[in-house]
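In the numbering used here, the protein residues as written are 154 to 265.
Reading through the structure tokens given below for one structure.
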């Protein structure tokens with residue numbers, strides 16, 4: 154082998170080493186960039202997930218409040234119906250008592 158050939162081989166090896174180091178550096182930079190982008194994507198997904206959960210929680214609260222309001226209306230309606238039924242029974246009982254009280258006196262008056 155000639156000195157020129159040896160020098161060309163050495164230069165080729167040095168060039169290959171530089172290319173390899175450059176490729177490694179590029180790969181490291183690409184990997185770092187990918188890590189940063191992945192972290193950003195994860196953060197955006199996290200934020201979107203939190204926003205979604207907050208929205209669904211608000212919807213659930215609104216639904217619960219609406220259900221509570223509907224349930225309260227139903228309960229109020231049932232209470233009113235019970236009060237009216239009790240009032241009707243009370244009036245009926247008073248009328249029967251009055252009838253019972255008046256009837257004996259009326260009969261006595263009649264007989265006299």
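Beta carbons: idealized from backbone N, C-alpha and C, even for Gly.
What three-state label does DSSP hand residue i in the structure shown?
i	result
residue 217	helix
residue 155	coil
By the 10 Å Cβ neighbour count, where 16 or more other Cβ atoms means buried, how is residue i classified, buried or exposed?
i	result
residue 154	exposed
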